[in-house]
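Before any comments, here is the structure.
Number of protein chains: 2
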Amino acid sequence: MPRNCILLATIVKIEILNTGSELLLGSTANTHGTWIGQELVKMGLRVQRQTTVPDGEAIEVALAESVSRSEVVLVTGGLGPTSDDVTREAAAKVLGVELMRDEAALRDLKAFFDQREKTMSAVNLKQADVLVGADILPNPNGTAPGIYAPPRLGCAIFLLPGPPNELYPMFHAEVAPRLKALAGVEQVAEVRELKFVGLGESALHEKIDAPLAEIEGLEVGYCARLGEVDLRLIGSPDVIDQGHQLACDLFAEDFVSDDGSSLEEVLVHHLREKNFTIATAESCTGGLIASCLTDVPGASAIFEYGFVTYANAAKTGLVGVKEETLLKFGAVSEEVAAEMALGARVASGADIAVSVTGIAGPSGGSEDKPVGTVCIGIATSEEVVTYREIHPRNRKDFKRQVSQRTLDLVRRFIAEK
Amino acid sequence: MPRNCILLATIVKIEILNTGSELLLGSTANTHGTWIGQELVKMGLRVQRQTTVPDGEAIEVALAESVSRSEVVLVTGGLGPTSDDVTREAAAKVLGVELMRDEAALRDLKAFFDQREKTMSAVNLKQADVLVGADILPNPNGTAPGIYAPPRLGCAIFLLPGPPNELYPMFHAEVAPRLKALAGVEQVAEVRELKFVGLGESALHEKIDAPLAEIEGLEVGYCARLGEVDLRLIGSPDVIDQGHQLACDLFAEDFVSDDGSSLEEVLVHHLREKNFTIATAESCTGGLIASCLTDVPGASAIFEYGFVTYANAAKTGLVGVKEETLLKFGAVSEEVAAEMALGARVASGADIAVSVTGIAGPSGGSEDKPVGTVCIGIATSEEVVTYREIHPRNRKDFKRQVSQRTLDLVRRFIAEK
Numbered sequence: 006m007p008r009n010c011i012l013l014a015t016i017v018k019i020e021i022l023n024t025g026s027e028l029l030l031g032s033t034a035n036t037h038g039t040w041i042g043q044e045l046v047k048m049g050l051r052v053q054r055q056t057t058v059p060d061g062e063a064i065e066v067a068l069a070e071s072v073s074r075s076e077v078v079l080v081t082g083g084l085g086p087t088s089d090d091v092t093r094e095a096a097a098k099v100l101g102v103e104l105m106r107d108e109a110a111l112r113d114l115k116a117f118f119d120q121r122e123k124t125m126s127a128v129n130l131k132q133a134d135v136l137v138g139a140d141i142l143p144n145p146n147g148t149a150p151g152i153y154a155p156p157r158l159g160c161a162i163f164l165l166p167g168p169p170n171e172l173y174p175m176f177h178a179e180v181a182p183r184l185k186a187l188a189g190v191e192q193v194a195e196v197r198e199l200k201f202v203g204l205g206e207s208a209l210h211e212k213i214d215a216p217l218a219e220i221e222g223l224e225v226g227y228c229a230r231l232g233e234v235d236l237r238l239i240g241s242p243d244v245i246d247q248g249h250q251l252a253c254d255l256f257a258e259d260f261v262s263d264d265g266s267s268l269e270e271v272l273v274h275h276l277r278e279k280n281f282t283i284a285t286a287e288s289c290t291g292g293l294i295a296s297c298l299t300d301v302p303g304a305s306a307i308f309e310y311g312f313v314t315y316a317n318a319a320k321t322g323l324v325g326v327k328e329e330t331l332l333k334f335g336a337v338s339e340e341v342a343a344e345m346a347l348g349a350r351v352a353s354g355a356d357i358a359v360s361v362t363g364i365a366g367p368s369g370g371s372e373d374k375p376v377g378t379v380c381i382g383i384a385t386s387e388e389v390v391t392y393r394e395i396h397p398r399n400r401k402d403f404k405r406q407v408s409q410r411t412l413d414l415v416r417r418f419i420a421e422k
Numbered sequence: 006m007p008r009n010c011i012l013l014a015t016i017v018k019i020e021i022l023n024t025g026s027e028l029l030l031g032s033t034a035n036t037h038g039t040w041i042g043q044e045l046v047k048m049g050l051r052v053q054r055q056t057t058v059p060d061g062e063a064i065e066v067a068l069a070e071s072v073s074r075s076e077v078v079l080v081t082g083g084l085g086p087t088s089d090d091v092t093r094e095a096a097a098k099v100l101g102v103e104l105m106r107d108e109a110a111l112r113d114l115k116a117f118f119d120q121r122e123k124t125m126s127a128v129n130l131k132q133a134d135v136l137v138g139a140d141i142l143p144n145p146n147g148t149a150p151g152i153y154a155p156p157r158l159g160c161a162i163f164l165l166p167g168p169p170n171e172l173y174p175m176f177h178a179e180v181a182p183r184l185k186a187l188a189g190v191e192q193v194a195e196v197r198e199l200k201f202v203g204l205g206e207s208a209l210h211e212k213i214d215a216p217l218a219e220i221e222g223l224e225v226g227y228c229a230r231l232g233e234v235d236l237r238l239i240g241s242p243d244v245i246d247q248g249h250q251l252a253c254d255l256f257a258e259d260f261v262s263d264d265g266s267s268l269e270e271v272l273v274h275h276l277r278e279k280n281f282t283i284a285t286a287e288s289c290t291g292g293l294i295a296s297c298l299t300d301v302p303g304a305s306a307i308f309e310y311g312f313v314t315y316a317n318a319a320k321t322g323l324v325g326v327k328e329e330t331l332l333k334f335g336a337v338s339e340e341v342a343a344e345m346a347l348g349a350r351v352a353s354g355a356d357i358a359v360s361v362t363g364i365a366g367p368s369g370g371s372e373d374k375p376v377g378t379v380c381i382g383i384a385t386s387e388e389v390v391t392y393r394e395i396h397p398r399n400r401k402d403f404k405r406q407v408s409q410r411t412l413d414l415v416r417r418f419i420a421e422k
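The listed protein sequences derive, respectively, from chains L and B.
For the record, in the first sequence the residue sitting at position 31 is 36 according to my numbering, with numbers rising by one throughout.
For the record, in the second sequence the residue sitting at position 284 is 289 according to my numbering, with numbers rising by one throughout.
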């Protein structure tokens with residue numbers, strides 16, 4: 006953990022153990038870790054470790070390790086009716102208790118099949134087996150009830166079904182209240198993520214890490230994504246406010262959101278606030294900028310027209326780029342970007358138009374204009390500004406980064422208006 | 006494991022150790038386990054265990070356990086420039102070796118910043134630190150080089166960067182060849198993934214699972230994604246060929262690729278082969294279809310013009326939809342989709358034009374046209390066909406699904422030409 010760590014309750018040490026060969030073969034994404042992590046953070050708790058093992062005997066080995074290390078283990082999967090579903094048996098061995106068929110669970114199981122006018126198979130019977138001394142966690146959405154084994158050997162165990170539509174409701178109804186009781190707290194810390202765009206992780210870190218470290222009781226984390234960096238603050242609300250204030254003082258222009266909003270959501274919000282409409286003229290991004298804008302609900306209030314002018318003929322035909330400008334400066338030039346933006350603004354009647362023209366690669370580069378070169382234009386009725394940058398990345402990442410960069414340039418441009 | 010399981014080498018015991026507090030807090034989905042699992046399966050290898058730990062000292066503890074248990078450990082994350090990036094240090098302690106600044110790595114690091122016309126921060130220096138006796142794995146896409154520590158204490162360690170756009174190319178270029186050498190086999194089983202589009206997972210499963218189960222030595226897996234389903238066949242080349250043949254006999258029209266090619270890659274290839282150009286007129290997908298097409302290198306040969314006609318005025322102004330058609334049938338209608346496609350074809354001079362108009366939501370639906378309704382048009386100089394469908398999903402998934410569905414309709418349309 007970071008040196009200035011305090012934080013979310015380590016009052017209870019919690020681990021997740023996900024079982025299922027399909028998770029390790031990569032045929033199914035393991036979304037449970039993410040989902041449970043989020044739910045625990047909302048409760049002021051956090052996961053210490055997450056482990057995935059295949060179906061079979063590896064479950065018992067890993068569960069024994071988790072039990073020896075932690076105070077709560079959440080196990081998902083392996084409660085089904087087939088021969089490779091052995092989580093119940095593994096838990097019984099680790100805890101040294103017996104399995105017993107539970108009459109109430111058996112009734113629920115039979116009712117589940119009756120309700121669907123289906124016949125229960127003999128293989129389903131074992132789904133009514135419960136650890137002695139444990140609680141049954143009802144599963145209205147499937148055949149596998151969950152099991153809660155209260156602390157024994159210093160550790161409580163929850164056995165939970167794998168399918169998300171069964172796991173999620175069971176977590177809320179049965180697991181969360183028991184966890185709160187175990188932790189004995191309502192909420193010990195808050196988490197806030199500040200998003201910055203147009204700033205590298207190292208640039209952010211260099212300026213802010215030392216001053217943040219002086220705020221007692223504040224835990225700090227960094228997470229870089231293509232074109233953005235998130236600063237994670239964990240602590241009590243007032244130390245988070247201090248860190249937040251510091252970050253926004255140092256990087257006011259790069260700050261985008263503190264509530265998880267994406268760059269495009271923030272930009273659409275700003276445009277709506279200022280009552281500006283925007284049009285796009287895209288070459289190398291091929292429609293991605295328009296698509297990002299229209300990912301945001303309510304985008305139609307600020308976005309009406311987009312042009313994807315992939316060919317030169319489309320640049321001259323749709324947004325009025327001059328033949329001689331193309332000939333003199335080439336399609337990837339600030340001059341062409343300026344004409345694209347100006348032309349798109351006039352053709353659309355929008356308040357602002359933005360344009361991009363560049364070389365996405367893998368081919369098409371030259372010494373003068375290597376792959377990754379891009380020219381960006383922003384036009385209003387009063388002015389046009391252009392930018393020339395290099396983003397040497399693979400084709401898809403180039404498109405995504407240029408798109409985010411362009412949206413960010415527009416965000417900065419209108420911030421000054 | 007699937008009942009007809011054979012194989013994949015447990016010749017080498019491989020573990021994945023993912024580091025990063027954001028993974029356990031649930032702010033970032035852990036996609037690395039899935040992705041690496043898939044890549045290893047393709048090589049005839051499989052993962053024994055996957056663990057996630059937070060940044061900080063937990064890395065050293067977990068790495069020591071993994072090293073004691075396995076023959077290869079793939080560690081992701083914690084190679085960044087900030088104070089919570091401590092994976093290098095943890096590996097040095099576990100292996101009992103020193104870290105040394107590597108001059109070649111330092112040169113690469115400086116070149117990375119120079120190429121982007123940026124200044125390197127002092128905090129980046131430690132990214133050139135390497136375990137004594139280890140190989141540097143070059144990272145052309147980021148500042149953190151990977152590290153390969155050859156077997157010591159019976160275990161080889163790969164330290165890999167967290168960002169996917171850095172990890173994936175490094176895995177292919179640097180990790181895969183070394184893993185093959187460590188495993189001492191070229192390939193013990195082959196893996197082939199057949200991609201089908203326009204077909205549900207259960208529909209595929211229902212028809213094909215029983216006949217595939219009769220092919221001895223064939224392991225089968227299914228993976229459904231938005232609008233597509235992959236059928237994974239694992240076994241010797243000849244049993245895979247049998248399964249492949251069976252699948253393609255049953256689902257000839259839905260089959261898209263057997264080499265990992267995406268739907269848009271296959272479509273661009275077909276269009277180039279037939280020497281067709283295509284134009285797009287998009288309302289509800291907001292440019293996403295054009296963006297998908299232009300994700301494919303060489304798209305400029307078949308795609309020149311795209312129109313994003315988000316507002317009604319754009320539909321009439323850019324692609325000649327008639328006011329009375331809009332008034333009579335509404336913007337989301339097969340009639341408007343037809344006129345959009347016809348108009349886009351004429352305005353662009355393309356051989357084929359495709360159009361979409363629909364209700365992405367969350368608002369804007371009616372009883373007659375609920376959220377998720379979409380009308381799609383395909384026009385050539387000779388005909389126009391339209392489709393009306395409902396895809397009730399959240400806004401982004403709706404856009405993605407409609408975009409894929411539209412590309413698939415074009416694929417089917419030109420297959421008949």
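Note that CB positions come from ideal geometry on N, CA and C, so glycine has one too.
- Classified as buried, B/E179 has 16 or more neighbouring CB atoms from the shown chains inside 10 Å of its CB.
- Look at B/R54: its C-beta is under 9 Å from a C-beta on chain L.
- L/I245 carries a helical assignment under DSSP once its states are collapsed to helix, strand and coil.
- L/S386 sits in coil when the DSSP states are folded into three classes, being neither helix nor strand.
- Here L/S288 carries a coil assignment [DSSP, helix/strand/coil].
- For B/I294, at least one C-beta of chain L is nearer than 9 Å to its own C-beta.
- Per DSSP, reduced to three states, the secondary structure at L/S360 is strand.
- Going by DSSP, B/P155 is part of the beta strand (DSSP E) stretching over 151-157.
- Listed as beta-bridge partners of L/D254 by DSSP are no residues whatsoever.
- In terms of beta-carbon proximity, L/P59 lines the interface with chain B, with at least one pair separated by less than 9 Å.
- Closer than 9 Å to the CB of B/R51 there is at least one CB belonging to chain L.
- Taken through DSSP and simplified to helix, strand or coil, L/S262 comes out as strand.
- Inclusion of B/G335 and B/V326 in the CB contact set at 9 Å is not warranted, their separation being larger than that value.
- At a Cβ-Cβ threshold of 9 Å, L/V261 and L/K200 count as neighbours.
- The C-beta of B/L217 has 16 or more other C-beta atoms within 10 Å across all chains shown, which makes the residue buried.
- Residues T285, A295 of the same chain have their beta carbon placed closer than 6 Å to that of L/G311, with the five preceding and five following residues left out of the count.
- Contact of L/Y173 with chain B is not assigned, every C-beta pair being separated by 9 Å or more.
- Residue range 224-230 is occupied by the beta strand (DSSP E) that includes L/V225.
- Among the residues of the stretch 386-402 of chain L, those with a Cβ less than 9 Å away from any Cβ of chain B are E394, I395, H396, P397, R398, N399, R400, K401, D402, in the order of the chain.
- Contact between the stretch 296-309 of chain B and the stretch 375-391 of chain B is not established, with fewer than three Cβ pairs separated by less than 8 Å.
- In the DSSP annotation of this structure, the continuous segment of the beta strand (DSSP E) that includes B/E195 starts and ends at 195-202.
- Minimum Cα-Cα distance from L/V407 among the listed residues L/S371, L/K374, L/G363, L/V390 corresponds to L/G363.
- The alpha-carbon separation between B/L29 and L/L45 amounts to approximately 10 Å.
- Look at B/S26: its C-beta is under 9 Å from a C-beta on chain L.
- Counted as a single uninterrupted DSSP element, the beta strand (DSSP E) harbouring B/Y310 occupies residues 308-314.
- In this structure, B/F176 is the residue among B/F176, B/A127, B/S75 with its C-alpha nearest to the C-alpha of B/I41.
- Bridge pairing for L/L142: L/G151 [DSSP].
- The alpha-carbon of L/S368 is positioned some 15 Å away from that of L/D402.
- In this structure, B/A96 sits near B/V80, with a CB-CB distance shorter than 9 Å.
- Counting only the Cα atoms, B/E211 lies some 41 Å from L/Q53.
- Distances from the alpha-carbon of L/R417 to those of L/T378, L/G265, L/L276, L/P174 put L/L276 closest.
- A residue is called buried when at least 16 other Cβ atoms come within 10 angstroms of its Cβ; B/T56 meets this threshold and is buried.
- For L/F308, the C-beta contacts it makes with chain B under 7 Å involve Y315, in order along the chain.
- For B/T378, the pairing in a beta bridge is given by DSSP as B/I395.
- Not a single CB atom of chain L sits nearer than 9 Å to the CB of B/A116.
- Apart from the 5 residues on each side of it in sequence, B/S353 sits with its Cβ closer than 7 Å to the Cβ of A284, E309, Y310 in its chain, given in chain order.
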